[in-house]
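First to last, the protein sequences are chains A and B.
Everything in the first sequence is counted per the numbering used here, starting at 183 for the first residue and increasing by one.
Everything in the second sequence is counted per the numbering used here, starting at 32 for the first residue and increasing by one.
What follows is a single structure, written as structure tokens, with notes after it.
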Amino acid sequence: MPAKQLLPALLVSLFALANLMPGASMQYDRDAIAGGEVWRLWTGQLCHWSILHLLGNLAAVAALTVIAGKPLLRWLALLPVAAPLLSLTLLGLLPELQRYRGLSGFVAMLVVGVAMEGGMIGRLTALGWVAKLGFDAYSGTPSPLLPAGISTTWQAHLAGLLLGLAAAAGFLHLDRRTSVRP
Amino acid sequence: MSLLTGCAMWWERGNHAQRGMVVDYLYPKSPQPELTPTLPELRLPLRVGIAFAPGDRHTELPEVERDRLLRRVKDAFANRPYISAIEVIPTAYLRPRGGFENLEQAARMFNVDVVALLSYDQVQFSDSNRLSLLYWTIVGAYVINGSQYDVSTLVDATVFDVKSRNLLFRAPGTSQIKGSSALVKLSEASREARTEGYRQAIDDMIPHLDTQLEAFKTRVKEEKVVKIIHKPGYSGGGSTDLAALGLLGLAATLALTWRRRAG
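Have a look at this one:
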């Protein structure tokens with residue numbers, strides 16, 4: 183199966199697994215990952231604290247897909263690769279974060295995709311989203327979609343944004359090579 | 032606050048009661064303590080202690096049974112993501128009329144930030160009924176249930192932030208048990224009824240405590256009644272909030288409109 187089909191299929195399977203299995207065994211858990219439960223590097227970025235949390239993130243992905251259209255599919259296909267990178271970033275940069283669930287690191291990555299593929303509206307959306315990220319980091323305002331006691335991990339959004347920029351650089355390089363090829 | 036109880040006990044002929052005021056435990060010198068208004072800081076995830084308020088005298092509820100009752104409450108709240116641990120504090124560690132100084136000592140010993148104090152107020156009325164009289168004169172006390180009892184129990188959980196000494200929220204639980212027994216077994220039967228009264232009151236209290244906890248969480252979010260601080264080991268979520276969703280929704284609508292116009 184070519185990578186173009188394999189990666190989306192993998193994403194859908196992982197997403198279903200992460201959200202249908204008990205969250206406690208799927209979430210990013212620093213101690214459990216250190217104990218060898220490496221699947222959490224993937225599933226932690228896909229499982230959610232509540233249905234409301236899940237719906238909020240899915241709505242964001244749907245809106246981004248509408249803004250950028252079909253070109254965003256190659257970004258979506260990158261998500262199974264980006265998941266462990268996001269989790270490893272959290273492991274390295276946030277030693278105080280014990281447990282984490284949520285897709286919004288991906289959403290941040292897709293925002294870069296929207297800036298690249300979504301024309302003027304996409305770029306303006308990304309600009310607004312980055313401003314909102316700055317506000318969240320400054321104010322520490324919790325998301326109403328998260329259960330009480332769970333803080334919004336804006337650092338995951340920043341990590342997703344940086345991963346998105348790296349992916350954008352990679353796609354630009356690939357696009358140039360494809361267009362130069364005779 | 033009048034419902035907050037510590038415990039004391041008295042015996043009367045046919046009646047039995049244990050009651051008191053938690054104010055006696057926490058504010059032994061001043062019946063109407065003056066509280067300095069401070070904004071409590073809760074460091075999540077919380078370590079919570081749970082204990083029965085100590086009484087002035089020895090009470091008949093054994094420590095094993097107290098421990099069992101406290102663990103029922105612990106089990107009901109153990110899996111909350113914002114609670115890292117719930118420690119059962121034996122009553123022996125709390126001194127009658129010990130005040131917040133004693134509570135702070137126990138909190139340090141068990142390494143907890145918040146303590147839920149369970150107060151109780153139990154009254155039992157016992158009486159002989161007509162059958163018992165009939166029985167005394169003809170057959171004897173063993174055959175017919177001749178005495179009846181009525182046990183009313185109130186359990187009240189009051190949750191305090193130890194550092195700021197603020198009452199965060201409270202929740203009551205009640206039970207009423209009526210029964211009858213042969214006179215010679217009345218003592219044993221009524222003791223069992225009293226223990227069962229505590230169990231039922233605790234079971235009644237747990238959903239109320241859950242409701243009050245949810246109401247407190249809403250007040251934290253909307254009225255900022257406490258300051259939330261995250262300490263190592265906190266739980267995080269990657270969530271798109273309503274403002275971001277609004278922005279994305281607006282942009283998606285614009286993109287769709289623009290595409291339709293462009294053909």
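Where is the CB? At the ideal position from N, CA and C, for every residue including glycine.
Source: prediction; values computed, not measured.
query: Touch test, the region 219 to 237 of chain A against the region 302 to 311 of chain A, Cβ-Cβ under 8 angstroms, three pairs minimum; result: no
query: Which of helix, strand or coil DSSP assigns to G300(A); result: coil
query: S294(A): contacting residues in chain B (beta-carbon distance under 8 angstroms); result: Sequence inspection shows Val at residue 294(A); the Ser mentioned does not correspond to that position. Simply none; closest approach about 14 angstroms.
query: Per-residue DSSP class, three states only, for G129(B); result: coil
query: Rounded straight-line distance, which links the Cα of L287(B) to that of R78(B); result: 50 angstroms
query: Unbroken beta strand (DSSP E) run spanning I81(B), endpoints; result: 77 to 83
query: Interface flag, K105(B) vs chain A, CB-CB below 9 angstroms; result: no
query: Coil, strand or helix - V154(B) by DSSP; result: strand
query: is_contact[K248(B), chain A] using C-beta, thresh 9 angstroms; result: yes
query: Status (buried if at least 16 other CB within 10 Å, exposed otherwise) for I260(B); result: exposed
query: Proximity below 9 angstroms, CB of S206(B) to CB of Q243(B); result: no
query: For I114(B), the first and last residue of its enclosing beta strand (DSSP E); result: 114 to 119
query: is_contact[K252(A), chain B] using C-beta, thresh 9 angstroms; result: no
query: Bridge partners - P238(B), DSSP secondary structure assignment; result: None, per the DSSP bridge assignment.
query: Segment limits, alpha helix (DSSP H) that includes Y56(B); result: 53 to 57
query: At least three beta-carbon pairs within less than 8 angstroms, the region 187 to 205 of chain B to the region 130 to 148 of chain B; result: yes
query: Distance between A82(B) and P121(B) (C-alpha atoms, nearest Å); result: 6 angstroms
query: Segment contact, 8 angstroms Cβ cut-off, at least three pairs: the region 244 to 262 of chain A with the region 201 to 219 of chain A; result: no
query: Under 7 angstroms by beta carbon: chain B residues contacting G310(A); result: L278
query: Cβ distance (whole Å) where G269(B) is taken to contact S207(A) below 8 angstroms; result: Rounded, the Cβ-Cβ distance is 18 angstroms, inconsistent with contact.
query: Proximal residues of chain B, C-beta to C-beta of Y282(A) below 9 angstroms; result: S266, G267, G268, G269
query: G274(A): first and last residue of the uninterrupted alpha helix (DSSP H) it sits in; result: 261 to 275
query: Validate contact between the region 250 to 257 of chain A and the region 289 to 300 of chain A using beta carbons, cut 8 angstroms, 3 pairs; result: yes
query: L279(A) - containing alpha helix (DSSP H), residue span; result: Counting along the chain, L279(A) falls outside any alpha helix (DSSP H), though it belongs to the beta strand (DSSP E) covering 279 to 283.
query: Simplified DSSP state of K105(B), which is helix, strand or coil; result: helix
query: Residue burial classification, F197(A) (beta-carbon count within 10 angstroms, cutoff 16); result: buried
query: Backbone CA spacing between R111(B) and F353(A) [nearest angstrom]; result: 43 angstroms
query: Cβ-based contacts, 7 angstroms cut-off: residues of the region 232 to 266 of chain A near chain B; result: H235, G238, N239, A241, A242, A245, L246, V248, I249
query: Euclidean distance between Cα positions of P190(A) and R290(B); result: 26 angstroms
query: CB contact check: P326(A) to chain B, cutoff 9 angstroms; result: yes
query: Min CB distance I215(A) to chain B below 9 angstroms; result: no
query: Contacting residues, own chain, Cβ-Cβ under 8 angstroms from L340(A) (five flanking each side not counted); result: A290, L315, A319
query: Test: E255(B) CB closer than 9 angstroms to a CB of chain A; result: As written in the sequence, residue 255(B) is Lys, which differs from the Glu given in the question. It does not; no Cβ of chain A falls within 9 angstroms.
query: Alpha carbon of F317(A) to alpha carbon of K252(B), nearest angstrom; result: 18 angstroms
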